[in-house]
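> Residue numbers (our numbering): 1493 to 1783.
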Ligand code: R5P
C-alpha cells in the first residue's frame, strides 16, 4: 500500500503511513502554470498498488488538488484508490436552508468519490452526509484521540456548546467517565452566537474544571461565548477541544484570552494540534485492504 499526502495533509498522511507499518509515503510535485492553473504529478511505482490519498478540503484549492491527484493516481495504474479526507469542507451546508441554495456537502461527495474505490473522512458535521456517497464511505472519529489527551488532565465536567454536539460529548464523557451537559446555542450570524444554560442543568459548574467539546472551531465565537458563560457561572478552569481546528483569523488568540488549554486533532494544521487521528484512520484502511 502506498500513501500520498496532498499539500493540505502532508504531516497526517505521513503519520498514517507509519501506522500502516511504514507503508511507502510520497508527496506529489505541485506547481502553478503562468495562468495560475494547478499542476500535480505523483511519483513512485503505483501500478497495480493500493493507494491511499490523503487530502483535507479546507479550501477550494485543496479540493481541486484532490480531484487532480485522484486522476493522476488512476492514470499511474493504481489497483484501488482509498481517498482520505480528514476535514471535509462544505460539510456544514448539508441541506438546503433557503430556496435556491445547493446541498454543498452532497455536491462535494459526488466529486470526491469519482475516482475513489472508498472514501474515509473524520467527524463529518452530520454523519448523515455519508449517505450521499454511492461508493463505500467511512467516518473515523476524533473523539478517541481527544479522549486519550484529556484523560491525562484533571477535569470535572464536559460541556457541549450546543445540542447538536450531544452525541459527541456523551461519547467523550463515557470514555472519560465524567458528567456532561449541553448548552443552548442561538446563532445570530456566521460570526456571532448567543449561549445560555439549559433549563435543567444536571450539576453546578461552580468551582469546576470544565472542558468544552466541539466538532469544529471556526471563528471561535462559539467557544469564546461558552467559556465566558461558564466562567460567569463559577467555573474555575476552562479548556476547549475539537476535532477540526480551523481557527480563522485571530480565533486562536481570542480563545486563548478566555480559555486555558486548547486542543485539536491533526485533521488540519493549527496551533492547537495535539492529538492524532492517524491510528483511527489507519484502522479503517486496514479493514478496507483486507475486506
Ligand atoms: C456548529 O454547529 C459547530 O458544531 C461548531 O460549534 C461551529 O461550527 C463553531 O463555529 P465558530 O467557531 O465559528 O463559532
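The beta carbon of each residue, even a glycine, is placed where N, CA and C say it ideally should be.
Does the separation of the CB atoms of residue 1697 and residue 1726 fall below 7 Å?
Going by C-beta atoms, residue 1697 is nearer than 7 Å to residue 1726.
> Does the Cβ-Cβ distance between residue 1607 and residue 1562 come in under 7 Å?
Contact: yes.
> Closest to residue 1598 by CA distance: which of 1626, 1660, 1504 and 1579 is it?
Among 1626, 1660, 1504 and 1579, the Cα nearest to that of residue 1598 is on 1626.
> Kindly confirm or deny that the stretch 1564-1575 and the stretch 1532-1548 touch, where touching means at least three C-beta pairs closer than 8 Å.
The stretch 1564-1575 vs the stretch 1532-1548: in contact.
> Alpha carbon to alpha carbon, what distance is there between residue 1529 and residue 1735?
Taking the straight line joining both Cα atoms gives about 32 Å.
> Taking Cβ to Cβ, would you say residue 1713 is nearer than 7 Å to residue 1683?
Closer than 7 Å, so yes.
> Let me know the alpha helix (DSSP H) ranges lying completely inside the stretch 1590-1652, each 4 residues or longer, listed in chain order.
Runs of the alpha helix (DSSP H) inside the stretch 1590-1652: 1596-1604 and 1635-1642.
> Taking 6 Å as the line, does the beta carbon of residue 1709 fall inside it for any heavy atom of the ligand R5P?
Because some heavy atom of the ligand R5P lies under 6 Å away, the Cβ of residue 1709 counts as near it: yes.
> When every heavy atom of the ligand R5P is checked, does at least one fall within less than 6 Å of the C-beta of residue 1757?
Because no heavy atom of the ligand R5P lies under 6 Å away, the Cβ of residue 1757 does not count as near it: no.
> Would residue 1744 be called buried (16 or more neighbouring beta carbons within 10 Å of its own) or exposed?
Buried, since its Cβ has 16 or more Cβ neighbours within 10 Å.
> Cβ atoms of residue 1653 and residue 1706: under 7 Å apart, would you say?
Yes, these two residues count as a Cβ contact at 7 Å.
> Name, in chain order, the residues that DSSP records as bridge partners for residue 1517.
Beta-bridge pairing links residue 1517 to 1495.
> Assuming contact is defined by CB atoms lying nearer than 7 Å, are residue 1770 and residue 1508 in contact in what I supplied?
The answer is yes: Cβ separation under 7 Å.
> Between which two residues does the beta strand (DSSP E) harbouring residue 1741 extend?
Segment: none, residue 1741 is in no beta strand (DSSP E) and carries neither H nor E.
> In whole angstroms, what is the alpha-carbon distance linking residue 1502 and residue 1720?
Each residue's alpha carbon lies about 36 Å from the other.
> Within 10 angstroms of the Cβ of residue 1730, are there 16 or more other Cβ atoms? Answer buried if so, exposed if not.
Buried, by the Cβ-count rule.
> Excluding the five sequence neighbours on either side, which residues of its own chain have a C-beta within less than 7 Å of the C-beta of residue 1506, listed in chain order?
Excluding positions up to five away in sequence, the list reads 1497 and 1517.
> I need the DSSP call for residue 1726, collapsed to helix, strand or coil.
Reduced to three states, the DSSP call for residue 1726 is coil.
> Classify residue 1695: buried if its beta carbon has 16 or more other beta carbons within 10 angstroms, exposed otherwise.
When all chains shown are included, residue 1695 counts as exposed.
> Residue 1582 bridges to which residues according to DSSP?
Per DSSP, none; premise fails for residue 1582.
> So the alpha helix (DSSP H) residue 1555 belongs to, where does it begin and stop?
Unbroken alpha helix (DSSP H) run through residue 1555: 1552-1567.
> Taking the straight line between their C-alpha atoms, what separation do you get for residue 1521 and residue 1555?
Roughly 16 Å between the two C-alpha positions.
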